[in-house]
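*Asks:*
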Amino acid sequence: MLKRQIETSLELLFMQSGDSWFILFESSDNLHFLQFAFNSSQGLFFDFPLKQLSSEAEARQAELIVSQYAKVIRSMEDGNPITDVRSFENRENQVINAELGFDKKSAASIAYLIFKNIFKVGENEKIAVTIDR
117 MLKRQIETSL ELLFMQSGDS WFILFESSDN LHFLQFAFNS SQGLFFDFPL
167 KQLSSEAEAR QAELIVSQYA KVIRSMEDGN PITDVRSFEN RENQVINAEL
217 GFDKKSAASI AYLIFKNIFK VGENEKIAVT IDR
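The sequence shown lines up with residues 117 to 249 when you count with the working numbering.
In structure tokens:
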């Protein structure tokens with residue numbers, strides 16, 4: 117059910133036209149989230165703030181999941197790449213980003229694996245989904 121909810125939500129996002137769309141997936145406890153920006157000319161851009169994680173191991177696991185589908189960029193919120201990944205203590209302003217183009221399947225896999233393996237959301241749990249501009 118979790119994976120199907122994510123896939124269906126991404127399908128709805130792709131039906132939108134124009135720029136500056138986003139989709140936000142949020143756990144039912146409101147403690148965890150991830151998001152994708154979307155525009156009809158460039159596709160999806162994954163954005164995952166690290167401040168919600170409790171360890172460098174979780175951050176590395178998230179990077180590993182995303183790297184299976186796209187080139188991962190760990191950066192500061194200002195967009196500058198982080199060259200020293202040992203700076204997890206400063207995670208308040210760090211994000212993992214990846215450009216996915218129009219690959220809905222990879223986007224769904226990333227979201228599903230992060231919710232399941234890092235956030236520990238159960239297969240039958242519902243998550244909140246917001247699609248907006």
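For each residue, glycine too, the CB sits at the ideal point set by N, CA and C.
#1: Got a sec? Which residues, its chain only, sit under 7 Å from S225 by beta carbon, not counting five neighbours each side?
#2: Leaving out five residues before and five after S133 in sequence, what residues of the same chain have Cβ atoms less than 8 Å from its Cβ?
#3: My guess is that F141 and A227 are in contact by the Cβ rule of under 8 Å, so how many angstroms apart are they, rounded?
#4: Using the beta-carbon count (16 or more within 10 Å), is F149 buried or exposed?
#5: Going by C-alpha distance, which of K236, E208, S171 is nearest S144?
#6: Cutting at 7 Å between CB atoms, please list the residues of its own chain near E241, excluding the five before and the five after it.
#7: How would you label A173, buried or exposed, when you count the other beta carbons within 10 angstroms and need 16 or more for buried?
#8: Let's test the definition: count the other Cβ atoms within 10 Å of the Cβ of F218 and tell me whether it reaches 16, buried, or not, exposed.
#9: Hey, could you find the ends of the alpha helix (DSSP H) A175 is sitting in?
#10: Put F231 into one of helix, strand or coil per three-state DSSP.
#11: Given a threshold of 16 other Cβ atoms within 10 Å of its Cβ, counted over all protein chains shown, does S125 qualify as buried or as exposed?
#12: Pick helix, strand or coil for N209, following the three-state DSSP scheme.
#13: If you reduce the DSSP assignment to three classes, tell me which class A66 lands in.
#14: Label R244 either buried or exposed according to how many other C-beta atoms from any shown protein chain fall within 10 Å of its C-beta, with 16 as the threshold for buried.
*Replies:* Taking the structure as given:
#1: The residue you call residue 225 lines up with position 109 of the sequence shown. So the list reads Y185, once near-sequence residues are dropped.
#2: In the sequence shown, counting from the first residue as 1, residue 133 sits at position 17. Excluding residues within five positions, the ones whose Cβ falls inside 8 Å are S156.
#3: Counting from one through the sequence shown, the residue named residue 141 turns up at place 25. Counting from one through the sequence shown, the residue named residue 227 turns up at place 111. Contact flag correct, Cβ pair sits at about 6 Å.
#4: Start at 1 with the first residue of the sequence shown, and residue 149 comes out as number 33. Per the 10 Å Cβ criterion, buried.
#5: In the sequence shown, the residue the question calls residue 144 occupies position 28. Among K236, E208, S171, the Cα nearest to that of S144 is on K236.
#6: For the purposes of this step, residue 241 is identified with residue 125 of the sequence shown, where counting begins at 1. The residues are L118, S144.
#7: The sequence position of residue 173 within the sequence shown is 57, counting from 1. It counts as exposed.
#8: As a working mapping, residue 218 is identified with position 102 in the sequence shown. When all chains shown are included, F218 counts as exposed.
#9: Within the sequence shown, the letter at position 59 stands for residue 175. First-last of the alpha helix (DSSP H) with A175: 172-183.
#10: One-based indexing of the sequence shown puts residue 231 at position 115. Looking at F231 - three-state DSSP - the assignment turns out to be helix.
#11: Along the sequence shown, read from residue 1 onward, the residue named residue 125 stands at position 9. By the neighbour-count rule (16 or more Cβ atoms within 10 Å), S125 is buried.
#12: Along the sequence shown, one-based indexing puts residue 209 at 93. Three-state DSSP puts N209 in a helix.
#13: With the chain running from 117 to 249 in the structure shown, residue 66 is simply not present.
#14: Residue numbering aside, residue 244 sits at position 128 when the sequence shown is read from its first letter. Checking the sequence, you will find Ala at residue 244 rather than Arg. So A244 ends up on the exposed side.
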